[in-house]
Every structure is written in C-alpha cells, then in structure tokens.
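For reference, the structure is listed below as structure tokens.
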Amino acid sequence: MRLSTRIALAVGVLVPLLVLASGWIMVRLVSGDVHAQGDAHLRQRAAAVLPQARNLLRAMANDRPTSVEQARERRLFTAALDVGIRVAGPTGTVSGGPQPSAAVVLPPAAGTSGPVTVPDGKRSWRVLAEPVSVTRPAAGGTLWVFASDTAGQAQIGQVRRRILTVAVLTAPVAGLAAWAAATRFARPLLALQRRAGGIDPRASATRLDHTPTRIPEIDDLAHTLQTVLARYDEQAARTAEALATARSFSAAASHELRTPLMSMRINLDVLDGTPEPGPGERAEIVADLRTEHERLLGLLVMLRTLAQGDLVEADAFTPVDLADLVEAAVTDLRRDRPDARIALDGAPGCVVHAWPPGLRSAVDNLLVNAAVHGAGPDGTARIEVVLRPGTDPSSVCLTVADHGPGIPAAARGAIFQRFRRGPDSPGSGLGLTLVAQQIALHGGTVTVTDRPDGTPGAHVAVHLPRPAAPHALPARRAWLPAPTTAP
Numbered sequence: 000m001r002l003s004t005r006i007a008l009a010v011g012v013l014v015p016l017l018v019l020a021s022g023w024i025m026v027r028l029v030s031g032d033v034h035a036q037g038d039a040h041l042r043q044r045a046a047a048v049l050p051q052a053r054n055l056l057r058a059m060a061n062d063r064p065t066s067v068e069q070a071r072e073r074r075l076f077t078a079a080l081d082v083g084i085r086v087a088g089p090t091g092t093v094s095g096g097p098q099p100s101a102a103v104v105l106p107p108a109a110g111t112s113g114p115v116t117v118p119d120g121k122r123s124w125r126v127l128a129e130p131v132s133v134t135r136p137a138a139g140g141t142l143w144v145f146a147s148d149t150a151g152q153a154q155i156g157q158v159r160r161r162i163l164t165v166a167v168l169t170a171p172v173a174g175l176a177a178w179a180a181a182t183r184f185a186r187p188l189l190a191l192q193r194r195a196g197g198i199d200p201r202a203s204a205t206r207l208d209h210t211p212t213r214i215p216e217i218d219d220l221a222h223t224l225q226t227v228l229a230r231y232d233e234q235a236a237r238t239a240e241a242l243a244t245a246r247s248f249s250a251a252a253s254h255e256l257r258t259p260l261m262s263m264r265i266n267l268d269v270l271d272g273t274p275e276p277g278p279g280e281r282a283e284i285v286a287d288l289r290t291e292h293e294r295l296l297g298l299l300v301m302l303r304t305l306a307q308g309d310l311v312e313a314d315a316f317t318p319v320d321l322a323d324l325v326e327a328a329v330t331d332l333r334r335d336r337p338d339a340r341i342a343l344d345g346a347p348g349c350v351v352h353a354w355p356p357g358l359r360s361a362v363d364n365l366l367v368n369a370a371v372h373g374a375g376p377d378g379t380a381r382i383e384v385v386l387r388p389g390t391d392p393s394s395v396c397l398t399v400a401d402h403g404p405g406i407p408a409a410a411r412g413a414i415f416q417r418f419r420r421g422p423d424s425p426g427s428g429l430g431l432t433l434v435a436q437q438i439a440l441h442g443g444t445v446t447v448t449d450r451p452d453g454t455p456g457a458h459v460a461v462h463l464p465r466p467a468a469p470h471a472l473p474a475r476r477a478w479l480p481a482p483t484t485a486p
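Numbering (numbering that gives the first Met the number 0), first residue to last: 0 to 486.
Given below as structure tokens:
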C-alpha cells in the first residue's frame with residue numbers, strides 16, 4: 000500500500016474520531032449549559048414559593064378550614080408561575096401546574112444537592128426537592144418544583160445528530176484531502192525514487208542528481224544516497240586499482256622468484272647427478288642453496304608486509320612514541336649484527352600518528368639497509384641515527400646516516416622501486432620499497448642525500464607529521480608513490 004493511501008486512510012479514520020470526541024465534549028458542555036439555565040430558574044421559583052409552602056403546611060397542620068387552605072394553595076400556585084409544584088405534608092399532598100405523573104418516584108429532599116432529571120415515559124423533568132418545616136405547630140414536609148426537560152433534551156439531541164452528521168461527512172472529505180496532499184508532498188520522493196532506481200553503478204558512471212526540495216527528510220535521503228554511491232565508487236576504484244596492482248606485482252614477483260628457483264633446481268640436479276660432487280663442491284652447493292633459500296624467504300616476507308600496508312585502514316593508526324620505537328629497532332639490530340657500530344641520539348616526546356607494525360618495518364629496513372650497504376673502508380658498518388623535532392613544529396625528523404660508498408644522485412629515485420637491488424646485494428629488492436610505502440601511508444616524506452659533513456656515505460631523512468594534524472590515507476596506493484629525493 001502506497002504511503003499516500005496509508006496517510007489518507009489514517010486521516011479518514013482519525014478526523015471523524017476527533018470530530019466525535021470534540022462533539023462529545025460539546026454535547027456535555029451544551030447539556031451543562033441547558034441544565035444550568037433551567038436549574039437557576041427552578042431555584043428562583045423554589046425560593047419564591049417556599050414561604051407560601053410553609054403557610055400551606057402550617058394551615059394543614061393546624062387543621063384550618065378548607066377555605067383557608069384553598070386560599071393559601073392559590074397563593075402558592077400564583078407564586079409558582081410557570082413551574083409545577085407539589086407539597087407533601089403530614090395530612091396529604093397538594094400539587095399543581097405541569098409535573099410528572101403520580102407514579103413517578105421523586106427524589107427525597109435529604110441527600111440531593113440540586114435539581115435532578117426524572118424520566119416519565121417519553122418525557123423527562125428537572126426536579127428540585129426542598130425540605131419544608133414549621134415550628135408552631137411542629138410539622139415537616141417536602142416541596143418539589145418541576146420544569147419540563149423535554150425541550151433541553153431535544154436541543155441536546157439535535158446537537159448530537161449534527162455532530163454525527165459532520166463526522167460522517169468529514170470522513171471521506173478528510174481522506175480525499177489527505178490523499179491529495181500526501182500525493183503532492185510525495186512527488187519529490189517519487190521523483191527521487193525514479194532517479195535512484197535508474198542508476199546502475201556497474202553499467203554507467205551517471206550518479207544521482209538531486210535538486211533541493213526544501214523538504215528536510217527528502218533532501219537528507221538524497222544526500223545519504225549520494226554518499227553511499229560515492230563510497231561505492233571509491234571502493235570500486237580501490238578494488239580495481241588493487242586488482243591491477245596485484246596483477247602487475249604478481250607478474251614482477253614471479254619473474255623475480257624464477258631466477259632463485261632455477262638456481263636452486265640446477266644445484267639440486269648437480270647434487271643428484273653423476274658423478275657425485277666432491278666434499279668441497281658439495282659444501283659450496285649447499286651454501287648456495289641456503290643463500291637462495293634465505294633470499295626467497297625474505298622476498299615472501301616482504302611481499303606479505305607490503306600487502307598488509309596496502310590493505311591497512313585509518314582506524315589502525317594510533318599515537319606512537321617514535322623515540323621508543325626507534326630505540327627498540329636499534330636494540331634488535333645490535334643483537335642481530337653485533338659487528339655494526341650504531342649511535343643513537345633520540346629526543347623524547349616525538350609522538351606521531353602511526354600504524355605501529357608498518358612504521359616499525361620501515362625503521363627496521365632503513366637500519367638494515369644502512370648496516371648492509373654502509374660499511375666503511377675497514378669493513379665495519381657505522382650508523383648514526385638521530386631523532387629530533389622537525390623544523391616545522393608539526394613534524395618530527397628521523398635521519399639514518401652511514402659511512403658506505405653512498406648513493407649516486409642519478410640512482411636515488413630508483414632505489415625505492417620494486418626489486419631494485421645492486422648486483423652484489425643479498426636482499427630481495429623490496430626493503431626500501433616498503434620504507435617508501437610506509438612513509439607515504441603515514442603522510443610523510445623520505446629524502447636521500449649525501450652526508451652533510453662531506454664524508455662518503457648515504458644520509459636518509461624521514462619527516463612525519465605529528466598527531467595534532469591526522470592525515471588521510473592516500474586515495475591511490477600503487478605499491479608506492481615515488482619518494483622525494485635530493486641531489
């Protein structure tokens with residue numbers, strides 16, 4: 000059932016109920032007003048005839064002559080004017096004027112606080128009972144004053160019938176008016192439904208075009224639909240980019256894995272061939288196999304780490320004290336490479352908004368790269384690690400310097416590309432790629448230069464923003480934007 004039909008039915012039922020409820024209140028008010036007016040007249044007549052009723056009761060109690068009682072009855076009826084009178088005394092009852100039949104039970108004088116309605120067949124009467132008493136001689140009786148309530152009841156009945164008529168007539172009128180109004184107000188919603196129903200995100204790039212209707216609910220719904228479609232487009236673009244990157248990366252990875260695998264296969268064939276290799280040659284082949292195995296293992300670990308970085312979301316980022324993280328990385332490197340000489344100068348309070356596993360991987364790879372390629376002429380790797388607040392107060396700077404041969408200016412832009420490694424490098428060619436990826440995810444920059452003091456060696460500087468200005472993750476993650484380099 001359409002919304003406009005539901006609104007029409009609801010209004011068509013609710014409006015008559017409201018009319019009936021209002022009519023019931025109006026009938027009660029009209030009935031109260033009619034009775035109040037008649038009751039005031041009854042009380043006025045009762046006050047006027049009460050002295051004459053006492054005189055009549057005194058004459059009845061003193062057993063006066065009939066002519067005296069009749070004279071006092073005439074005075075009583077004259078004072079009553081247009082109302083009915085009935086006086087019950089110790090010796091009888093005197094009545095006159097319009098009143099209910101003698102069979103109708105009248106209310107007692109005691110226990111009634113005002114006029115009451117007494118039915119008499121098809122008619123009804125308003126009756127006021129007042130006690131009457133005299134002291135000489137002591138006698139008591141009851142005075143009843145009557146007024147017809149038929150006219151008031153007819154007026155109340157007429158009001159009731161008119162209210163019922165209005166309720167019956169307003170039901171279809173209100174329903175049709177509500178249906179017309181709901182249909183008119185629902186037109187923008189129907190138009191929005193047609194526009195939204197014609198959108199197929201898989202087949203067309205057309206998106207929801209909404210003109211504000213000044214109806215908050217419809218405008219908010221349109222904005223929500225536009226937001227949902229925008230998120231769909233963003234996710235679809237992210238998925239497509241991830242698939243393209245995965246295809247490219249898998250092709251490059253398979254090419255890189257082919258060489259060590261073929262080398263291992265040749266060495267295994269030599270070990271299993273005839274004639275069997277001698278002890279020296281056998282030991283050399285096993286050493287080559289171990290080297291190739293370590294290279295494959297490192298390559299797979301790097302691939303997994305890069306994949307994690309490509310899938311990480313913003314809710315994984317938390318405040319991280321970079322000083323503690325760098326100190327832990329230096330401690331682990333000293334344990335793994337006891338021959339390396341590492342100097343750490345870290346300033347406390349360098350807190351950044353980071354993904355802890357990814358940032359730790361970036362720092363580890365920077366230190367390992369410096370330890371592998373930063374050995375001086377004496378063959379000892381000497382590394383200086385410095386952590387300081389950046390020149391910009393909203394950033395921190397981490398530098399890693401070594402005493403190796405350095406990196407030529409022409410090659411500095413390529414060292415962060417995938418599978419780029421020197422001919423004698425034991426690594427997988429992905430360590431610095433991971434560094435560039437993580438720095439980009441953290442909204443920072445990485446710069447490669449010569450050592451500032453002019454001695455041979457490489458100097459890598461990483462600048463990261465502080466958490467006071469949380470950054471958004473890159474919209475495109477193509478295994479890594481090119482890093483910033485300096486000559």
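For each residue, glycine too, the CB sits at the ideal point set by N, CA and C.
Predicted model only: the values in this text are computed from it and were never measured.
Same chain, Cβ closer than 7 Å to A173, five either side skipped, listed in chain order: As a working mapping, residue 173 is identified with position 174 in the sequence shown. These residues qualify, in order along the chain: V10, G11 and V14.
Whole-angstrom distance between V461 and G345, CA atom to CA atom: As a first step, residue 345 must be located in the sequence shown, where it is residue number 346. As a first step, residue 461 must be located in the sequence shown, where it is residue number 462. Between the alpha carbons of G345 and V461 lies a gap of roughly 14 Å.
Whole-angstrom C-beta distance between V29 and I155, which should lie under 8 Å: Residue 155 sits at position 156 when you count from the first residue of the sequence shown. Residue 29 sits at position 30 when you count from the first residue of the sequence shown. Confirmed, Cβ separation roughly 6 Å.
Same chain only: Cβ atoms within 7 Å of D119, ignoring 5 sequence neighbours per side: Along the sequence shown, one-based indexing puts residue 119 at 120. The residues are P99, S100 and V103.
Spatial distance of L288 from P392 (CA atoms): By one-based count along the sequence shown, residue 288 stands at place 289. By one-based count along the sequence shown, residue 392 stands at place 393. CA-to-CA, the gap between L288 and P392 works out to about 51 Å.
C-alpha distance - I382 paired with R334, whole-angstrom precision: Indexing the sequence shown from 1 puts residue 382 at position 383. Indexing the sequence shown from 1 puts residue 334 at position 335. Going by the C-alpha atoms only, they are around 15 Å apart.
Whole-Å CB distance - I438 paired with T432, under 8 Å assumed: Stepping through the sequence shown from its first residue, residue 438 is reached at position 439. Stepping through the sequence shown from its first residue, residue 432 is reached at position 433. Between T432 and I438 the Cβ distance is about 11 Å, and since that is not below 8 Å, they are no contact.
D343 versus L366, F145 and P259, residue with shortest Cα-Cα distance: On the sequence shown, residue 343 is found 344 positions in, with the first residue counted as 1. The sequence shown places Leu at residue 343, rather than the Asp named in the question. Nearest to L343 by alpha-carbon distance, out of L366, F145 and P259, is L366.
Other residues of its chain near H372: CB distance less than 6 Å, five sequence neighbours each side excluded: Taking the sequence shown and counting its residues from 1, one reaches residue 372 at position 373. If we look at H372 and ignore the five residues flanking it on each side, its Cβ neighbours are G403.
Secondary structure of D320, DSSP reduced to three states: By 1-based counting over the sequence shown, the position of residue 320 is 321. Three-state DSSP puts D320 in a strand.
Beta strand (DSSP E) segments (min. 3 residues) lying fully within the stretch 392–468: 394–400, 444–449 and 457–464
Cutoff 6 Å; reference A221; Cβ partners in own chain excluding five residues on either side: Sequence index remark: in the sequence shown, residue 221 carries index 222 (1-based). Shown here for A221: same chain residues with a beta carbon closer than 6 Å to its own, the five before and five after excluded, namely L191 and H209 in chain order.
Backbone CA spacing between A45 and P64 [nearest angstrom]: Here the question's residue 45 lines up with position 46 in the sequence shown. Here the question's residue 64 lines up with position 65 in the sequence shown. Cα atoms of A45 and P64: separation of roughly 26 Å, rounded to the nearest angstrom.
Other residues of its chain near L41: CB distance less than 7 Å, five sequence neighbours each side excluded: On the sequence shown, residue 41 is found 42 positions in, with the first residue counted as 1. Counting only Cβ-Cβ distances below 7 Å, and skipping sequence neighbours, we find V82, P114, R125, L127, V144 and A146.
Length of the line joining the Cα atoms of R264 and V329: To locate residue 264, count along the sequence shown from 1; it is residue 265. To locate residue 329, count along the sequence shown from 1; it is residue 330. Each residue's Cα considered, the two are about 37 Å apart.
N- and C-terminal bounds of the beta strand (DSSP E) containing E383: Residue 383 sits at position 384 when you count from the first residue of the sequence shown. Start and end: R381 to P388.
Neighbourhood of I214 by C-beta distance below 7 Å, restricted to the same chain and skipping five residues each side: Locating residue 214 in the sequence shown gives position 215, counting from the first residue. Closer than 7 Å at Cβ, skipping near neighbours: P187.
Delimiting residues of the beta strand (DSSP E) encompassing I84: Indexing the sequence shown from 1 puts residue 84 at position 85. Start and end: G83 to G88.
Closest residue to P171 among A7, Q234 and A413 (Cα-Cα distance): Against the sequence shown, residue 171 aligns to sequence position 172. The candidate whose alpha carbon is nearest that of P171 is A7.
Cβ pair L324, V384 closer than 8 Å: As a first step, residue 324 must be located in the sequence shown, where it is residue number 325. As a first step, residue 384 must be located in the sequence shown, where it is residue number 385. Their beta carbons are not under 8 Å apart, which means L324 does not touch V384 by this criterion.
Best match in A339, V395, A313 and R340 for proximity to V350 [C-alpha to C-alpha]: By 1-based counting over the sequence shown, the position of residue 350 is 351. When each option's Cα is compared against that of V350, the closest is V395.
Rounded separation between G430 and L228 - CA only: Your numbering for residue 430 matches position 431 in the sequence shown. Your numbering for residue 228 matches position 229 in the sequence shown. Spanning the two alpha carbons is a distance of roughly 38 Å.
T483 versus H441: straight-line alpha-carbon distance, rounded: Here residue 483 refers to the residue found at position 484 of the sequence shown. Here residue 441 refers to the residue found at position 442 of the sequence shown. Confidence in T483 is poor, its pLDDT being 44 and thus under 50, which makes the residue's placement unreliable; the coordinate value appears in the next sentence. Approximately 14 Å between the Cα atoms of the pair.
Selection from E283, M59, E291 and P355 that minimises the alpha carbon distance to L321: For the purposes of this step, residue 321 is taken as the residue at position 322 of the sequence shown. Measuring from the Cα of L321, the nearest candidate turns out to be P355.
Three-way DSSP call (helix, strand, coil) for L127 in this model: Taking the sequence shown and counting its residues from 1, the one referred to as residue 127 is at position 128. In the structure shown, L127 sits in a strand (DSSP, three-state: E or B).
Below-8 Å beta-carbon distance, E280 vs any chain B residue: Here there is only one protein chain, and chain B is not present.
As assigned by DSSP and simplified to three states, the class of W23: Looking up residue 23 in the sequence shown gives position 24. Of the three classes helix, strand and coil, the one that applies to W23 here is helix, per DSSP.
Same chain, Cβ closer than 7 Å to L207, neighbours up to 5 away in sequence not counted: One-based indexing of the sequence shown puts residue 207 at position 208. These residues qualify, in order along the chain: R194, A195, I198, A221, L224, Q225 and L228.
C-alpha distance - P107 paired with L16, whole-angstrom precision: Within the sequence shown, residue 107 is the residue found at index 108, counting from 1. Within the sequence shown, residue 16 is the residue found at index 17, counting from 1. Computed Cα separation, rounded: 40 Å.
Three-state secondary structure (DSSP) of D268: Here residue 268 refers to the residue found at position 269 of the sequence shown. Correct three-state label for D268: helix.
Alpha carbon of D338 to alpha carbon of A239, nearest angstrom: Against the sequence shown, residue 338 aligns to sequence position 339. Against the sequence shown, residue 239 aligns to sequence position 240. Straight-line Cα distance between these residues: approximately 47 Å.
Nearest-angstrom beta carbon gap, A138 and P89 [assumed within contact, 8 Å]: For this step, residue 89 is matched to residue 90 along the sequence shown. For this step, residue 138 is matched to residue 139 along the sequence shown. Contact holds; Cβ gap of about 5 Å.
Same chain only: Cβ atoms within 6 Å of V399, ignoring 5 sequence neighbours per side: Within the sequence shown, residue 399 is the residue found at index 400, counting from 1. Excluding sequence neighbours, V399 sits near L365, A369, V384 and V459.
Per-residue DSSP class, three states only, for D199: For this step, residue 199 is matched to residue 200 along the sequence shown. D199: coil per DSSP, three-state reduction.
Spatial distance of W478 from G378 (CA atoms): Translated into the one-based positions of the sequence shown, residue 478 becomes position 479. Translated into the one-based positions of the sequence shown, residue 378 becomes position 379. At W478, the pLDDT of 48 sits below 50, so the modelled position is not reliable and the matter cannot be decided from this model.
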